[in-house]
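Notes follow the structure.
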Ligand SMILES: NC(=O)c1ccc[n+]([C@@H]2O[C@H](COP(=O)([O-])OP(=O)(O)OC[C@H]3O[C@@H](n4cnc5c(N)ncnc54)[C@H](OP(=O)(O)O)[C@@H]3O)[C@@H](O)[C@H]2O)c1
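In the numbering used here, the protein residues as written are -19 to 237.
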């Protein structure tokens, strides 16, 4: 039975990073489903984003936009309090936040380009943020209801798959994220035996994050955000609590750690 078929009532879903290419596509596709009651679209500037504003107009009352910085713990605690006041459980938590290059973070080609500030920024956004989100929302995840918790990782975070090197900060941060998700899967299994925590790889997708690196990607290997989101929603819906703590790609194939 798929995740959707296991639900006793229409789902409450939360997408963090809803202003990103993939996050917005997830929101749109979740809202298109009749078995999704509400989508909580969260991001730093979720209240001031044209794509989310369009979706809110198309789905009156079903899209809640919440501006919240994912590295601000008091703000995450306030988000959890607000959600708990609205409903007792969260059925789907999707974290689509992440960063390859930022104010400090670089897609380093060599050790000489590795800098402490860049590594720290990448670690905070790619590894710390998703764990803080899960931490603060745990009261809504625990219980005995089907509950998928999926975070976008990246195949380049796989140590076993690393044959090219480079991208030190991003690879290190995604590897750390994967370990954090594995720990969370073990703890959440005790708090909710119906939970399933997953790391997902979307494939190279045409978003702001990948745009500087698309030149050598063949056209048929560059996904639209809609395509990648649709594939990942299929992959996560097919996973059961027995799969918790695992890493999957867009094609439904397991990725080695
Ligand atoms: N695109 C790809 O080819 C690809 C491949 C493999 C994995 N992924 C992963 O997929 C996920 C989504 O990426 P994307 O391609 O959709 O990228 P994107 O369009 O750049 O979106 C990134 C999202 O992360 C949020 N974010 C970045 N820094 C943040 C911070 N400091 N605090 C809070 N939120 C922050 C952004 O929010 P703001 O709007 O507030 O900046 C945005 O919502 C990432 O985890 C990425 O690593 C992507």
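Ideal placement from N, C-alpha and C gives every residue a C-beta, glycine not left out.
Nearest-angstrom beta carbon gap, residue 109 and residue 77 [assumed within contact, 8 angstroms]: 6 angstroms
Completely contained alpha helix (DSSP H) runs for the stretch 70 to 124, where each covers 4 or more residues: 96 to 103 and 109 to 121
message = Just list the residues that DSSP pairs residue 185 with in beta bridges.
response = 203
Identify whether residue 229 lies in helix, strand or coil by the three-state DSSP scheme. strand
Using alpha carbons as the reference points, say which of 185, 69, 215 and 1 lies closest to residue 201.
185
Considering only the alpha carbon of each residue, which of 178, 203, 151 and 142 lies closest to residue 223? 178
Stretch-stretch touch, CB-based, cutoff 8 angstroms, three pairs: the stretch 200 to 215 with the stretch 5 to 20: yes
Check: Over what stretch of residues does the beta strand (DSSP E) that includes residue -7 continue unbroken?
Finding: -9 to -4
In this structure, how does DSSP classify residue 51 when only helix, strand and coil are distinguished?
coil
Provide the residue(s) that pair with residue 234 in DSSP beta bridges, ordered along the chain.
-> 228
field: The beta strand (DSSP E) enclosing residue 20, as first and last residue numbers
entry: 16 to 23
Give the DSSP-derived three-state secondary structure of residue 175 in the structure shown. strand
*If you count every other CB in all the chains shown that lies within 10 Å of the CB of residue 56, and 16 or more means buried, which is it?*
buried
Exercise for review: Kindly confirm or deny that the stretch 87 to 101 and the stretch 111 to 123 touch, where touching means at least three C-beta pairs closer than 8 angstroms.
Suggested key: no
Which residues in the same chain have their Cβ closer than 6 angstroms to the Cβ of residue 271, if we skip the five residues on either side of it in sequence? Outside the displayed span of the chain (-19 to 237) sits residue 271, for which this structure offers no information.
* Asked: Going by DSSP, which residues form a beta bridge with residue 194?
  -> Answer is none; residue 194 lacks a bridge partner.
Below 8 angstroms on the Cβ atoms is my guess for residue 176 versus residue 220; work out the distance and round it to an integer in Å. 6 angstroms
Straight-line Cα distance separating residue 49 from residue 24: 5 angstroms
Exercise. Look up residue 37 in the DSSP assignment and say whether it is helix, strand or coil.
Key: helix
*asked:* When you compare the stretch 28 to 42 with the stretch 56 to 73, are there three or more beta-carbon pairs, one atom per stretch, that lie closer than 8 angstroms?
replied: no
Margin query: Does the distance between the C-beta of residue 232 and the nearest non-hydrogen atom of ligand 1 fall short of 8 angstroms?
Written below: no
State buried or exposed for residue 71, treating a residue as buried only when at least 16 other CB atoms are found within 10 Å of its CB.
buried
Straight-line CA distance for residue 187 to residue 45?
-> 21 angstroms
Residue 227 versus residue 154 - alpha carbon distance:
12 angstroms
Out of 106, 53 and 145, which has the shortest C-alpha to C-alpha gap to residue 160? 106
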